[in-house]
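Student: I'd like to ask you about the structure that follows.
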Amino acid sequence: TERQTLTSGLTFFPDFREPGEFRAVGNVQWDLVIEDGHPVKLRLGLEDRYDSTPEGFKRNDLDYYASLVWGF
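Printed below as a string of structure tokens:
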């Protein structure tokens, strides 16, 4: 709708020296205009960072966030 926006993205980082190994960052976010005519939005989102060979760490890191966005 005019007051809501849903966006997503994925960035893929292959390891050209080691076939099958890679990193990836994916995200999704939802923006909601708080009041018509004002440039302030509420933004809620998720971001997942994946590493196929983390060497001592877990493969996925999942973050979530909420923020107020001021547009100009």
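Numbering (the numbering used here), first residue to last: 655 to 726.
Yeah, the Cβ is synthetic: ideal placement off N, Cα and C, and Gly gets one too.
So Arg697 is in the beta strand (DSSP E); what residue range does that whole segment cover?
Tutor: 694-705
Student: In whole angstroms, what separates the C-alpha of Arg657 from that of Leu698?
Tutor: 14 Å
Student: How many angstroms separate the CA atom of Asp705 from the CA atom of Phe676?
Tutor: 6 Å
Student: Could you spell out the range, first to last residue, of the beta strand (DSSP E) harbouring Thr659?
Tutor: 658-668
Student: Have a look at Asn681 and Thr655 and give me their C-alpha separation to the nearest angstrom.
Tutor: 21 Å
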